[in-house]
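A quick write-up on the structure given underneath.
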Amino acid sequence: MITGLDFRRLRRWELALAAFAFSAPLLLPALAPGSPSFLRPAMAEDMQQPDVSRVVSVGGAITEIIYALGEESRLVGRDSTSTYPEAATKLPDVGYMRRLAPEGIIAVNPTAIVAIEGSGPPEALAVLKEAKIPFTSVPDAFDKNGIVAKIRAVGAFLGVKDKAEALAQSVEKDLDAALAEAAKRPESERKRVLFILSTQGGKILASGTGTAADGIIQLSGAVNAAGTFQGYKALTDEAIIEAKPDVVLMMTRGGGESAGIDELFAMPAMSLTPAAKNKALIRMDGLHLLGFGPRTAGAIRELNDAIYGKKTNASQ
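In full-length UniProt numbering, the protein residues as written are 1 to 316.
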């Protein structure tokens, strides 16, 4: 009798064998001396050069950088978070970055994969390892230095360091200007922003520290109202009331997946916040807001304008 655990192990082994068999004719470049080790971090100063003629990009910011470098002709696949520029959506979709489909990746015959840190799951990465497809992980950080380092790492991965350096310097200059403008606001005038990831089941899932949402709120000259807990968690009614958000920030979603403004502020705890009093809800495209890529300076300006009223980006 085969148990559920045995079946999962058997299925994982079958997938690994299938991946290896499918990819056998493509393995010589990956097995050549000097090819990068699997999951080796992409450090711009010392990254070894794989064959990057056919690349799968995982992570919206990574794909944006490749297009910004003018190297999109190398791409043969992308993950579902890679929705900008629009041309990227025409590429084969290999799944969500944290739920990659190894069969879909292998099917596009890549010579290398470049992915944002945290991509997975481990079972999918194990299948790709068996297929001997070089996989490079690019570190992610939610600040100016992290964006610039990301650009340089992707440029080194593609073997276009000069182009990457030019892009990095241009993006850094734009970021410096956006940050300087946001920093002019006195601390006493900074509004409290609550980033809500989900309201599913009537629970407010909000962002604490160490997240992209926390990073963009701070860079935009505002205060994360959720407090100092790490990551995301469901807030109690008491915590929501204590947070006293002046503004609620959410990602734009299609298909009616998130609460409307009236529904959101009708929730008992939310109805008692300053944000509810002013119906202050801002929605922005998720990749633009949280991607921490070449467009982040624009996201900082847009969010700052929406929070402090220079432009009307608030949901009505």
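Glycine included, every Cβ here is placed at the ideal spot set by N, Cα and C. Keep in mind it's a predicted model, so treat the numbers as computed, not measured.
List the endpoints of the continuous beta strand (DSSP E) containing residue i.
{"i": "R192", "result": "192-198"}
{"i": "R283", "result": "281-284"}
{"i": "K233", "result": "232-235"}
{"i": "E205", "result": "The sequence shown places Leu at residue 205, not Glu. Counting along the chain, the beta strand (DSSP E) containing L205 begins and ends at 204-207."}
Which word fits residue i, buried or exposed, when buried means at least 16 other C-beta atoms lie within 10 angstroms of its C-beta?
{"i": "S82", "result": "buried"}
{"i": "T252", "result": "exposed"}
{"i": "D79", "result": "buried"}
{"i": "R295", "result": "buried"}
{"i": "K173", "result": "exposed"}
{"i": "G309", "result": "exposed"}
{"i": "R99", "result": "exposed"}
{"i": "A212", "result": "buried"}
{"i": "P122", "result": "exposed"}
{"i": "G221", "result": "buried"}
{"i": "I300", "result": "buried"}
{"i": "G215", "result": "buried"}
{"i": "K191", "result": "buried"}
{"i": "A88", "result": "buried"}
{"i": "S119", "result": "buried"}
{"i": "A275", "result": "buried"}
{"i": "P186", "result": "exposed"}
{"i": "residue 320", "result": "In this structure the chain extends from 1 to 316, so residue 320 is not present and cannot be described."}
{"i": "D246", "result": "buried"}
{"i": "G201", "result": "exposed"}
{"i": "G231", "result": "exposed"}
{"i": "A266", "result": "exposed"}
{"i": "A32", "result": "Unreliable positioning characterises A32 in this predicted model, as indicated by a pLDDT of 35, which lies under 50. The coordinate reading is nonetheless provided below. Exposed, because fewer than 16 other Cβ atoms sit within 10 Å of the Cβ of A32."}
{"i": "G298", "result": "exposed"}
{"i": "P110", "result": "buried"}
With a Cβ-Cβ cutoff of 8 Å, do residue i and residue j count as a contact?
{"i": "L281", "j": "L264", "result": "yes"}
{"i": "G208", "j": "T236", "result": "no"}
{"i": "V76", "j": "V55", "result": "yes"}
{"i": "I217", "j": "I240", "result": "no"}
{"i": "G260", "j": "G60", "result": "no"}
{"i": "A112", "j": "I133", "result": "yes"}
{"i": "A225", "j": "L194", "result": "yes"}
{"i": "I151", "j": "I66", "result": "no"}
{"i": "A206", "j": "L219", "result": "no"}
{"i": "D140", "j": "E117", "result": "yes"}
{"i": "residue 320", "j": "A168", "result": "Since the first and last residues shown for the chain are 1 and 316, residue 320 lies out of range."}
{"i": "Y84", "j": "L249", "result": "no"}
{"i": "V58", "j": "M97", "result": "yes"}
Consult DSSP for residue i and reduce its assignment to one of helix, strand or coil.
{"i": "S137", "result": "strand"}
{"i": "L91", "result": "coil"}
{"i": "residue 317", "result": "The structure shown does not extend to residue 317, since the chain is modelled only from 1 to 316, so the question has no answer here."}
{"i": "I300", "result": "helix"}
{"i": "G120", "result": "coil"}
{"i": "L100", "result": "coil"}
{"i": "N145", "result": "helix"}
{"i": "S57", "result": "strand"}
{"i": "G77", "result": "strand"}
{"i": "S82", "result": "coil"}
{"i": "M250", "result": "strand"}
{"i": "V52", "result": "coil"}
{"i": "A30", "result": "With a pLDDT of 34 at A30, under the threshold of 50, the modelled position of this residue cannot be trusted; read the value that follows with caution. Three-state DSSP puts A30 in a helix."}
{"i": "D46", "result": "Confidence in D46 is poor, its pLDDT being 44 and thus under 50, which makes the residue's placement too unreliable to answer from."}
Taking the continuous alpha helix (DSSP H) assigned at residue i, which residues delimit it?
{"i": "S170", "result": "161-183"}
{"i": "N109", "result": "First-last for N109: undefined, no H or E at that position."}
{"i": "P274", "result": "274-278"}
{"i": "F265", "result": "261-266"}
Using a Cβ-Cβ distance cut-off of 8 Å, determine whether residue i contacts chain D.
{"i": "L179", "result": "Here there is only one protein chain, and chain D is not present."}
Original post:
Is there contact here, the region 146-159 with the region 67-87, by at least three beta-carbon pairs under 8 Å?
Top reply: Segments in contact, yes.
**OP:** Please determine if the region 103-114 and the region 125-135 are in contact, where contact requires at least 3 C-beta pairs separated by less than 8 Å.
**Re:** yes
**OP:** Would you check if there are 3 or more beta carbon pairs closer than 8 Å linking the region 160-179 to the region 131-148?
**Re:** yes
Original post:
If we count Cβ pairs, one from each stretch, closer than 8 Å, do we get three or more for the region 180-194 versus the region 299-309?
Top reply: yes
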